[in-house]
Amino acid sequence: MLGIIFSFSRRKFTMIFTLIGIIAGFSVFGVRMYDPKGMNLLLMAFNRKLVVTIACIAAASLLCIILSALIRNNFARTVNILVLCALIVASLMYLVPPVIQYTREFVYFGEAGISTNALLRALGFTLGLIVCLLLALSAYEVHGALRSEREKYIFLFLSAGIFALEYLAGAVAALQRLRVIATRDALFGITVFDVMIWRGANPNAFTFGQLGLGLCMLAFVIFTHRHPEGTFPNRALLRKEKARLRDCRRWSWSLAVWGAMAVFIVIVLHYYDTKPPAEIQPEPYDMNDGIISIALDKVSDGHLHKFSYVTPGKYDVRFLIVKKPAGSAYGVGLDACDICGIAGYYERGDDEVVCRRCDVVMNKNTIGFKGGCNPVPFAYEIHGGKIYIDVKELEQHEKRFK
Numbered sequence: 000m001l002g003i004i005f006s007f008s009r010r011k012f013t014m015i016f017t018l019i020g021i022i023a024g025f026s027v028f029g030v031r032m033y034d035p036k037g038m039n040l041l042l043m044a045f046n047r048k049l050v051v052t053i054a055c056i057a058a059a060s061l062l063c064i065i066l067s068a069l070i071r072n073n074f075a076r077t078v079n080i081l082v083l084c085a086l087i088v089a090s091l092m093y094l095v096p097p098v099i100q101y102t103r104e105f106v107y108f109g110e111a112g113i114s115t116n117a118l119l120r121a122l123g124f125t126l127g128l129i130v131c132l133l134l135a136l137s138a139y140e141v142h143g144a145l146r147s148e149r150e151k152y153i154f155l156f157l158s159a160g161i162f163a164l165e166y167l168a169g170a171v172a173a174l175q176r177l178r179v180i181a182t183r184d185a186l187f188g189i190t191v192f193d194v195m196i197w198r199g200a201n202p203n204a205f206t207f208g209q210l211g212l213g214l215c216m217l218a219f220v221i222f223t224h225r226h227p228e229g230t231f232p233n234r235a236l237l238r239k240e241k242a243r244l245r246d247c248r249r250w251s252w253s254l255a256v257w258g259a260m261a262v263f264i265v266i267v268l269h270y271y272d273t274k275p276p277a278e279i280q281p282e283p284y285d286m287n288d289g290i291i292s293i294a295l296d297k298v299s300d301g302h303l304h305k306f307s308y309v310t311p312g313k314y315d316v317r318f319l320i321v322k323k324p325a326g327s328a329y330g331v332g333l334d335a336c337d338i339c340g341i342a343g344y345y346e347r348g349d350d351e352v353v354c355r356r357c358d359v360v361m362n363k364n365t366i367g368f369k370g371g372c373n374p375v376p377f378a379y380e381i382h383g384g385k386i387y388i389d390v391k392e393l394e395q396h397e398k399r400f401k
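Using numbering that gives the first Met the number 0, the letters of the sequence shown map in sequence onto residues 0 to 401.
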């Protein structure tokens, strides 16, 4: 949408407001970093009100686009551009802080400051920004290639309309959390709760809507820019027109390529990034008179080993054993923690134990100690080459595994 707005409006004028929006976003992020705890609740309320403001400005922009298309004078167009610029400022103020926040998450807890994973995250972040910029540039060129003002107004209206619907859905959720409306409030038979559920279940619907609109726009440009129209005084002007049409088609294909890349990132890469890792299957053990015994040579390879004990109350209590890198000690704890509950842990690579919920990397040397996201420890004994666990120790924690 930003590329289309730049194509429609005065570029230098719009660029000034874009920079204002970026600076405002950096300012909001700076306030949050200055006092994270003190400003957390205030900024949360501010962001919710900002979403409502963006929805209102987006709705106003639709009205201005219609009036500007009907009246067709400089005053109406100027008002339209000003409202669109206000939309840019408010949107960037809302979107820039979380984008900057990603730069603080290149290095996960427990990782080295310079590592392959950190560099890959930084590279992915950079490439993501590049794809966004190339999408905007391609949309700018393709929208500018449209032959008539009517066509330009139509695609601008549709893009702004999709954006308005996205933030209107967000505004419904924001107003509910601000306690302005209730979840049971309804309009045309659709409740606030229905909107919130649909929005949560379809987070990429409006992204795909914008990309689908871009596909329609580029197809329209390719179809209408196949051959020169009219007559030309000489062959030089004809060649110039053919070159212009060829450039328009190339920018259209560019928009298709970067749009396909965006879909690939949102669907394929996001799936591989967020899919849950394979579950470690519980291993067998011996049990006599309520005492579990596990031979040390079965868990001494430095990898994570998971076990399961079903209590008389039918609770499946999972616990972990891992040999620590330093010395001959073992880390023993539940497959649960006090912070993330029974989300559990998995092994990443050869030396990382990671929480499934918050993605925090455990230091294997601290497993068996209380605190943080470490597995909840419990009493056990080691002697005679085996680990011994009294099932009563596990039964004390059975309610964690409801």
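Built from N, CA and C at the ideal position, the CB exists for glycine as well.
> Does the Cβ of proline 96 have 16 or more other Cβ atoms within 10 Å, making it buried, or fewer, making it exposed?
Replying inline: buried
> Got a sec, what are the start and stop residues for the alpha helix (DSSP H) glycine 332 sits in?
Replying inline: No alpha helix (DSSP H) contains glycine 332, which is instead part of the beta strand (DSSP E) from 329 to 333.
> In whole angstroms, what separates the C-alpha of leucine 268 from that of leucine 174?
Replying inline: 33 Å
> Leaving out the 5 sequence neighbours to the left and right, which residues in its chain are closer than 8 Å to valine 390 when beta-carbon positions are compared?
Replying inline: Met286, Gly289, Ile290, Ile291, Tyr308 and Thr310
> Enumerated in chain order, which unbroken segments of the alpha helix (DSSP H) with a length of 4 residues or greater are wholly contained in the segment 364 to 398?
Replying inline: 390 to 394
> Which residue or residues does DSSP assign as beta-bridge partners of histidine 304?
Replying inline: Ile320
> Can you give the beta carbon distance from leucine 61 to phenylalanine 205, rounded, assuming they're within the 8 Å contact cut?
Replying inline: Not confirmed; about 15 Å, so no contact.
> Unbroken beta strand (DSSP E) runs of length 3 or more, entirely within the segment 169 to 231: which are they?
Replying inline: none
> Distance, Cα to Cα, aspartate 296 vs glycine 384?
Replying inline: 8 Å
> For the beta strand (DSSP E) that contains arginine 347, what are its first and last residues?
Replying inline: 344 to 347
>> Given this structure, state the Cα-to-Cα distance separating phenylalanine 263 from aspartate 272, to the nearest angstrom.
In response: 12 Å
> Alpha carbon to alpha carbon, how far is isoleucine 338 from valine 316?
Replying inline: 17 Å
>> Taking the alpha-carbon of valine 88 as reference, which of Ile153, Phe16 and Ser147 has the nearest alpha-carbon?
In response: Phe16
>> Since leucine 214 and serine 158 should fall inside the 8 Å C-beta cutoff, what is the C-beta to C-beta distance between them, to a whole number of angstroms?
In response: Not a contact, Cβ separation roughly 12 Å.
> Expressed to the nearest angstrom, what Euclidean distance is found between the alpha-carbon atoms of lysine 398 and glycine 340?
Replying inline: 11 Å
> How do the segment 214 to 224 and the segment 112 to 125 stand: do at least 3 beta-carbon pairs fall below 8 Å, yes or no?
Replying inline: no
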